[in-house]
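Visitor:
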Amino acid sequence: MLSLPSLLSERIRSVAGVDPELRPATRPQFGHFQTNVALRLANAEGRPPREVATRLVEQLDLSDLCEPLEVAGPGFINLRLRADVLARVASEVLAEPGAGIAAAAEPRTVVIDYSSPNVAKQMHVGHLRSTIIGDCFTRVLRAQGHRVIPQNHIGDWGRQFGMLVEQILEEGLDAASLDLPAAEALYQRANTHLKESEEFAARSRDRVVLLQSGDAETRRIWQQLIDISLAGFNATYARMNVLLSNTDLAGESIYNADLPVVAADLADRGIAVVDDGALVVFVEGFTAPAIIRNAQGGFGYTCTDLAAIRHRVGDLRADRLVYVVGAPQTFHFEQVFAVARMAGYLPDTVSAEHVGFGQVLGADGKKFSTREGTAVTLNSLLDAAEAEAAPSIALAAIKYADLSNGLQKDYTFDAERMVATTGDTGPYLQYAHARVNQILRKAEAEGFAFDAVTVLAEPTEQALALQLSRFGEVVAAVGDTLQPHRLCGYLYETAGALSSFYEQCPVLKSEGDVRASRLALCAATRKVLAIGLDLLGIEAPERM
Ligand code: ARG
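Take the sequence shown: its letter number 491 is residue 490 in numbering that gives the first Met the number 0, and every next letter is one higher.
1. Cβ of Asn-255 within 7 Å of any heavy atom in the ligand ARG?
2. Assuming Ser-516 contacts Leu-3 under a Cβ cut-off of 8 Å, what Cβ separation, rounded to an integer in Å, is found between them?
3. Taking 7 Å as the cut-off, is the CB of Val-324 close to at least one heavy atom of the ligand ARG?
4. Quick check: the stretch 199-209 against the stretch 405-420, are at least 3 beta-carbon pairs closer than 8 Å?
5. Tell me, please, which residues DSSP counts as bridged to Pro-149.
6. Report the residue from Lys-398, Arg-54, Arg-316 and Thr-421 whose alpha carbon sits nearest the alpha carbon of Val-349.
7. Could you give the distance in angstroms between the alpha-carbon of Phe-75 and the alpha-carbon of Leu-1?
8. Residues in the same chain with beta-carbon distance under 6 Å from Glu-352, minus the five sequence neighbours each way, listed in chain order, please.
9. How many whole angstroms separate the CB atoms of Leu-64 and Leu-80, which I take to be in contact at a CB cut-off of 8 Å?
10. Would you check if the stretch 517-535 and the stretch 443-456 touch, i.e. whether three or more CB-CB distances between them fall below 8 Å?
11. From Thr-424, Arg-525 and Gly-355, pick the residue whose C-alpha is nearest to that of Ser-129; which is it?
12. Based on the DSSP secondary-structure assignment, which residues constitute the bridge partners of Asp-274?
13. If you reduce the DSSP assignment to three classes, tell me which class Phe-32 lands in.
14. Which residues in the same chain as Glu-165 place their Cβ atom closer than 6 Å to its Cβ, once the five residues preceding and following it in sequence are excluded?
15. Quick check on the burial criterion: 16 or more other C-beta atoms within 10 angstroms. Buried or exposed for Lys-365?
16. How about Ser-8 and Glu-472: do their beta carbons lie closer than 8 Å?
17. If you follow the alpha helix (DSSP H) that Asn-436 is in, where does it begin and where does it stop?
18. Express the C-alpha separation of Arg-416 and Leu-21 in angstroms, rounding to a whole number.
19. So, do the stretch 224-239 and the stretch 374-384 have three or more beta carbon pairs nearer to each other than 8 Å?
20. Assign Asp-178 to buried or exposed, taking buried as 16 or more other Cβ atoms, counted over all protein chains shown, within 10 Å of its Cβ.
21. Which ranges would you report for the alpha helix (DSSP H) in the stretch 150-235 if only whole runs of at least 4 residues count?
22. Can you tell which of Glu-492, Val-338 and Ile-132 has the C-alpha that lies nearest to the C-alpha of Pro-269?
23. For Ala-142 and Arg-46, what's the separation of their Cα atoms in angstroms?
24. Using CA coordinates, which residue listed in Glu-283, Arg-319, Leu-535 and Glu-50 is at the minimum distance from Gln-334?
25. Whose CA, out of Arg-219, Tyr-489 and Phe-199, lies closest to the CA of Asp-173?
26. Can you give the beta carbon distance from Leu-507 to Leu-463, rounded, assuming they're within the 8 Å contact cut?
27. Is the beta carbon of Leu-163 closer than 8 Å to that of Leu-248?
28. What residues in its chain sit with their C-beta under 6 Å from that of Pro-540, if we drop five residues either side in the sequence?
29. If you measure between the beta carbons of Leu-93 and Lys-526, is that distance less than 8 Å?
30. Tell me whether Asp-304 counts as near the ligand ARG, meaning its Cβ is closer than 7 Å to at least one heavy atom of that ligand.
31. Excluding sequence positions up to five away, which residues of its chain have a Cβ less than 6 Å from the Cβ of Thr-411?
32. From the DSSP secondary-structure annotation, give me the bridge partner or partners of Lys-366.
33. Is His-152 near the ligand ARG - that is, is its Cβ less than 7 Å away from at least one heavy atom of it?
34. Of all the options Ile-167, Ser-176 and Glu-198, which has the alpha carbon lying nearest to the alpha carbon of Leu-185?
Put into structure tokens, the structure is as follows:
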């Protein structure tokens, strides 16, 4: 559904021929919107602006939406929406299951690659951001009726498993008994060992060959490492209240058999060439070629991502690919997309977007790290926020901080500020929801049913209704642009409009039709806040 501002803009554009660039009115007595379209046209036509404004007002028939239009000052046109129109729209928000979220005209199959941690390593802040952002995209696109297929591209394959398995055998460890921090410690020991002993390095290389050829014992230990890592990842996902589950797993290892196929295909068609013993693709505009197979015959990250694209487009039938991976991998994805386009794995009908994101910074403005200087694990970050507030609030704080700033930007992890229930924070929105819910709970206890918004005389109640009418459009914009901060900003404005409304308009203490209408407006607002928070992956508490 088009929001009222968009509807008005469209209608004026069809008469004026240009975008009216509606601005919110500076004062309630001027109505709801103002446009300077007449001044701009007058300039072009060489006519007096007020004359052009008067002509436009005569030509425009907006009586189904607005009070009679007014020409103001040097030639502005003021528009005031009719109270009954605002009331009707607010009632629609209340009645519609999605509060105005429209089903996409052309539903797409969207594969979203996110979270994607690495086996035998703890998830770190980058995975935190990827998981939160990807979860939001999944929720928003599903709400619009798109078919969303999450793909958790975990790092469960590669040369590091040679040294891990070898280290386990040497220490006589039972891999199944490790937890994720213990596996990570093992990783460090194996790494040090590898650097110190050429003999161990050689054994590790042989072990990689055994893994690839399917040696039973090697595979068993490898699988145990995956299992304990998944247990750790899943515990974190549960803690984060995200939708990811084992059905979304599509680790690097599943592309194993495809890697030589991709390499051969690219080589046969002359897209890839041998250069210094490696099989590479030169892509115009890139300083280094894409490495499909290295000189030792190994396939790496790039080849795996090409195989993944073939799978996502060919088997999963995706027509939109989204990758939520930190900004340092921008080059990688641009190059992979370019090679995939050259090879026809990524036809023009399928879009591919890398949604990069910035870093999480500590209070010192530097990359967030532990006192020892190592990267911060995701769990310790959650711990830090939970030291300041209850889990659901701490989580809201982190998610909102992550989504509200423009994804490319770095943001500072300031637990105390993030959990505050005032200001532009997740907990503030949760609080706004709990507060309106408290009012509605009292009315519900009286047996009151919230059916329709009918009376909307006060400017603050009109402004709130107008704000609610924009919800569907904002969600649609997030689905298109993959910019969650738009929804965050919208919800923050909505909470602001709600509190201005409370200040000016008594709800429970008002009477008759006014009371019923205001309660319905509160119910519509509660719905928008609840659905909006849910799309961000944030819980909307009944009480706080
Ligand atoms: N495992 C990688 C990392 O931790 C992220 C993988 C992202 N997805 C992909 N298809 N490359 O950096």
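All residues carry an ideal CB built from backbone N, CA and C; glycine is no exception. Just so you know, these numbers come straight off a predicted model, no measurement behind them.
Guide: Let me lay it out:
1. Residue mapping note: residue 255 aligns to position 256 of the sequence shown, counting from 1. Not under cutoff, so the answer is no.
2. Here residue 516 refers to the residue found at position 517 of the sequence shown. Here residue 3 refers to the residue found at position 4 of the sequence shown. That belief does not hold up - the Cβ atoms of Ser-516 and Leu-3 are roughly 18 Å apart, past 8 Å.
3. Residue mapping note: residue 324 aligns to position 325 of the sequence shown, counting from 1. Yes, the ligand ARG has a heavy atom inside 7 Å of this Cβ.
4. no
5. Here residue 149 refers to the residue found at position 150 of the sequence shown. Pro-149 pairs with Ile-111.
6. Residue mapping note: residue 349 aligns to position 350 of the sequence shown, counting from 1. Ranking the options by Cα distance to Val-349, first place goes to Arg-316.
7. By one-based count along the sequence shown, residue 75 stands at place 76. By one-based count along the sequence shown, residue 1 stands at place 2. Distance between the alpha carbons of Phe-75 and Leu-1: 24 Å.
8. Translated into the one-based positions of the sequence shown, residue 352 becomes position 353. So the qualifying residues of the chain are Val-321.
9. To locate residue 64, count along the sequence shown from 1; it is residue 65. To locate residue 80, count along the sequence shown from 1; it is residue 81. Right, their Cβ atoms sit about 6 Å apart.
10. The stretch 443-456 makes contact with the stretch 517-535; the number of CB pairs closer than 8 Å reaches 3 or more.
11. Indexing the sequence shown from 1 puts residue 129 at position 130. Of Thr-424, Arg-525 and Gly-355, the residue nearest in Cα terms is Gly-355.
12. In the sequence shown, the residue the question calls residue 274 occupies position 275. Bridge partners of Asp-274: Ala-277.
13. Taking the first residue of the sequence shown as 1, we reach residue 32 at position 33. Phe-32: strand per DSSP, three-state reduction.
14. What you label residue 165 is simply residue 166 of the sequence shown in a count that begins at 1. Counting only Cβ-Cβ distances below 6 Å, and skipping sequence neighbours, we find Arg-202, Ser-203 and Arg-206.
15. As a first step, residue 365 is located in the sequence shown; it is residue number 366 there, counting from the start. Exposed: under 16 other Cβ atoms inside 10 Å.
16. Locating residue 8 in the sequence shown gives position 9, counting from the first residue. Locating residue 472 in the sequence shown gives position 473, counting from the first residue. In this structure, Glu-472 does not lie closer than 8 Å to Ser-8 by Cβ.
17. For this step, residue 436 is matched to residue 437 along the sequence shown. Taken as a continuous stretch (DSSP letters only), the alpha helix (DSSP H) holding Asn-436 covers 425-444.
18. Along the sequence shown, read from residue 1 onward, the residue named residue 21 stands at position 22. Along the sequence shown, read from residue 1 onward, the residue named residue 416 stands at position 417. Near 35 Å, if we compare the C-alpha coordinates of Arg-416 and Leu-21.
19. Judged by Cβ distances under 8 Å, the stretch 224-239 makes contact with the stretch 374-384, as three or more pairs qualify.
20. Sequence index remark: in the sequence shown, residue 178 carries index 179 (1-based). Asp-178 comes out exposed.
21. 159-170, 179-195 and 197-211
22. By one-based count along the sequence shown, residue 269 stands at place 270. Contrary to the premise, residue 269 reads as Gly rather than Pro in this sequence. It is Val-338 whose Cα lies nearest to the Cα of Gly-269.
23. Within the sequence shown, numbered from 1, the residue matching residue 142 stands at position 143. Within the sequence shown, numbered from 1, the residue matching residue 46 stands at position 47. Roughly 49 Å between the two C-alpha positions.
24. For the purposes of this step, residue 334 is identified with residue 335 of the sequence shown, where counting begins at 1. Answer by Cα proximity: Glu-283.
25. Sequence index remark: in the sequence shown, residue 173 carries index 174 (1-based). Of the listed residues, the one whose Cα sits closest to Asp-173 is Arg-219.
26. On the sequence shown, residue 507 is found 508 positions in, with the first residue counted as 1. On the sequence shown, residue 463 is found 464 positions in, with the first residue counted as 1. In fact, because the Cβ distance is near 16 Å, the residues do not count as touching under 8 Å.
27. For this step, residue 248 is matched to residue 249 along the sequence shown. For this step, residue 163 is matched to residue 164 along the sequence shown. In this structure, Leu-248 sits away from Leu-163, with a CB-CB distance that is not shorter than 8 Å.
28. In the sequence shown, counting from the first residue as 1, residue 540 sits at position 541. Cβ neighbours of Pro-540 beyond the five flanking positions: Gln-429 and Ala-433.
29. Along the sequence shown, read from residue 1 onward, the residue named residue 93 stands at position 94. Along the sequence shown, read from residue 1 onward, the residue named residue 526 stands at position 527. In contact: Leu-93 and Lys-526 (Cβ atoms closer than 8 Å).
30. Your numbering for residue 304 matches position 305 in the sequence shown. For the ligand ARG, at least one heavy atom lies less than 7 Å from the Cβ of Asp-304.
31. Start at 1 with the first residue of the sequence shown, and residue 411 comes out as number 412. Here Thr-411 has Leu-360 as same chain residues with Cβ atoms under 6 Å from its own Cβ, once five neighbours each way along the sequence are excluded.
32. What you label residue 366 is simply residue 367 of the sequence shown in a count that begins at 1. In the DSSP output, where bridge partners are listed per residue, Lys-366 has Leu-360.
33. Your numbering for residue 152 matches position 153 in the sequence shown. Yes, the ligand ARG has a heavy atom inside 7 Å of this Cβ.
34. Residue numbering aside, residue 185 sits at position 186 when the sequence shown is read from its first letter. Nearest C-alpha to Leu-185: Ile-167.
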